[in-house]
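Everything below concerns the one structure shown next.
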Amino acid sequence: MLFEKPQKCNNSSTANLIFDEACVDIVNQLNSSIKISGQYNECDGCEFETLAVIDGKSNTSILVNTRYSLHINYTYNNESCDHNKLFYEHYRYGWNVTENCSRIYIKDQADSAYLPILTAFIVLFAFGTLWYMVKCIYKCTKNHDIWKKYILRSAETENDLGSPLDNSTLIIERPPSIRKHPHRIKSLDVFRGLCIMIMIFVNYGGGRFWFFQHSVWNGLTVADVVFPWFVWIMGLSLTVSLGNKLRRAVPRRQLFVGVVKRSLLLIFIGIILNSNDIRTQTLTSLRFPGVLQRLGVTYLIVGIIEVAFAKRTTTVNEFGRLAFLEDILIAIPQWIIMLTFILIHTLITFLVEVPGCGRGYLAAGYIDRLVFGDHMYKKSSCHVLYETVVNYDPEGIIGTLTSCFLMYLGVQAGHILLTYSNVNTRMIRWNIWGCVTGLIGGALCGFSKNHGLIPLNKNLWSLSFVFVIGGTAFLIEAYLFLLVDILRKWGGRPLFYPGMNALILYMGHVLLKGTFPFAWLPTSQTHDAFLYMNLWSMALWVAISIFLYKHNIFFSI
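Read in order, the letters of the sequence shown are residues 1 to 557 in my numbering.
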């Protein structure tokens, strides 16, 4: 189970509880001993475990996790008393074991665990509103007579008092002009900035809320979507960049070298970042896969395919009556390769014989252990709940096939952008692709968490997962594009700034994780203490990205 210190509940106070903990006081009113069993619903297919054995006419207290609902029961006279309940953080509950299966009741309440999120939202919203109002007032009145009068009055005061520097020459130093990118898709930088800021927030702890942590196994949380969104964005960026170079008649050999160079640099940087805690590991256990490594390998595969098959130009009426499918027909070879990847992934998943498990084994660890040995991730999100004893890597080999497909969905978004100049056409197609891919993903997982044909699983990068992520990315980019690039109702700030330097922010936040002023040990182990610390850390990186942007410092490979 999840706790090693159930004695926390032995006294009547809950002051020593940390986040995601609650107490249940159980009183056995029967004359015989009773075994209390339970299991968290998040642990799919897991057997019940013994939580306590209570002698007749005695009592005990157990510590429970409030992240997941708990199925708890006991059996008396061959009849089972079951309760399936989601407990609230820092609450104290009571349960009387009787012949009539009494309900679980609340003894002591506590403040809502989600109150810090509401507080943080109100503060950020108020600050953003105030900042926007100040900017609007300044823009509307900067040429007004009141400013001229104020400046003139200041000058007159200086003349009356006299200035010690009357004879000096006034030198006005203008700040360096920021490099403009007239053809850059600003909404893409905003989307990228959104991803990197969420990634920094969740990697630093996300206030220790469960929905800001990775899913234990199946399912989808906020932390699960940001890296896959990056993969999709990289596909769209690849298409735009490659399309411009192809139209300028840049040799394909040069484009190929550029793709390989960028991919190898990403892989190399990723391995260096994996060695950040080399003091606690040896070279024999250094992790080879990783986030940047997955990006590098995926970019290498998809980039080479696009360089090899992408058309420089298309002729008028080339596709005749099928012109409405032009964005797909210009990439038939690429789509054949991508569908082949999906077929290979599905066949490996369901047909490979895994020792001790048989066919249809959906975990990715078997092939990764054959290839990487001990050079894999050691802190899997499912370890604590499922009590796993073997390693697997969420950025392993098999998931690379589906990540290539996800990146190619981003490439398809880029094909739509480059093929059609009409805004409505782009929006309609992005929305159609978003809805269709999302529905396909939902159908594959049976619109359920654990019981579909292919469940949503970020750890495996399952097929249903990449379809759903691809669908959400299409929709988000569509409306960001409309809001930022077309209607220009929002300049994308502050997300635009980190989006312009996403790689350096990612590297920096990994290298400086756990160091002051980005982190410290909170005096209380509560959600609000961690939430405010993690929001502060994220805000610091936003400030750093603004500084880099204002000083024309951009890092890309």
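For each residue, glycine too, the CB sits at the ideal point set by N, CA and C.
As for any alpha helix (DSSP H) of minimum length 4 sitting wholly inside the segment 294 to 344, the runs are 326 to 329, ordered along the chain. Looking at the DSSP output, Lys35 shares a beta bridge with Val53. Per DSSP, the beta bridge partners of Ile62 are Val24.
Cβ atoms of Thr14 and Arg92 come within 8 Å of each other, at about 6 Å. Distance from the CA atom of Tyr204 to the CA atom of Cys136, rounded to whole angstroms, is 34 Å.
In this structure Ile454 is in contact with Ser464, their Cβ atoms being roughly 5 Å apart against a cut-off of 8 Å.
Boundaries for Arg493: no alpha helix (DSSP H) harbours it, and the DSSP string shows neither H nor E there.
Here the segment 362 to 381 makes no contact with the segment 415 to 431; the two share fewer than three CB pairs at distances below 8 Å. Pairing Asp25 with Glu79, the inter-Cα distance amounts to about 22 Å. In chain order, Ile18, Phe19 place their CB closer than 7 Å to the CB of Gln525, counting only its own chain and leaving out the 5 sequence neighbours on each side. Straight through space, the alpha carbons of Thr75 and Phe481 are spaced by roughly 59 Å.
Counting other Cβ atoms within 10 Å of its Cβ, Glu353 stays below 16 and is therefore classed as exposed.
Non-local C-beta neighbours of Ile106 in its own chain, meaning closer than 7 Å and more than five positions away in sequence, comprise Tyr91, Tyr93, ordered along the chain. DSSP links Lys85 through a beta bridge to Leu70. Burial is judged here by how many other beta carbons sit within 10 angstroms of a residue's own beta carbon; Phe516 has fewer than 16 and is exposed.
A residue is called buried when at least 16 other Cβ atoms come within 10 angstroms of its Cβ; Val371 does not meet this threshold and is exposed.
Shown here for Asp189: same chain residues with a beta carbon closer than 6 Å to its own, the five before and five after excluded, namely Phe496, Gly499, Met500 in chain order.
Residues of the same chain with a CB within less than 8 Å of the CB of Val390, apart from the 5 flanking positions on each side, are Gly365, Arg369 in chain order.
Distance from the Cα of Arg262 is smallest, within the candidate group Asp327, Arg294, Phe288, for Arg294. Annotated three-state conformation of Arg92 is strand, per DSSP. Boundaries of the beta strand (DSSP E) harbouring Tyr105: 104 to 108, taken from the DSSP string.
At a Cβ-Cβ threshold of 8 Å, Thr221 and Phe230 do not count as neighbours. In the DSSP assignment, Asn422 falls outside any alpha helix (DSSP H), carrying neither H nor E.
Listed in chain order, the beta strand (DSSP E) elements of length 3 or more contained wholly in the segment 362 to 421 amount to none. DSSP, read as helix, strand or coil, puts Ser556 in coil. The Cβ atoms of Pro289 and Gly193 lie no closer than 8 Å to each other. In this structure, DSSP gives Glu42 a state outside helix and strand, which the three-state scheme calls coil. The residue among Cys43, Asp55, Gln39, Ser58 with its C-alpha nearest the C-alpha of Glu49 is Gln39. For the 8 Å CB-CB criterion, Ala110 and Glu89 form a contact. For Glu477, the three-state secondary structure derived from DSSP is helix. Closest option to Thr298, judged by alpha-carbon separation, among Pro333, Leu283, Phe341: Phe341.
Within the same chain, and ignoring the five residues on either side of Gly207 in sequence, the residues whose Cβ sits closer than 6 Å to its Cβ are His527, Phe530, Leu531, Asn534. Contact between Ile469 and Val302 does not hold, since the beta-carbon distance rounds to 16 Å and is not under 8 Å.
In this structure, DSSP gives Thr526 a state outside helix and strand, which the three-state scheme calls coil. In this structure, Trp461 lies near Thr402, with their beta-carbon atoms less than 8 Å apart. By the criterion of a C-beta distance shorter than 7 Å, Leu483 is surrounded in its chain by Lys489, Trp490, once the five residues flanking it on both sides are discounted.
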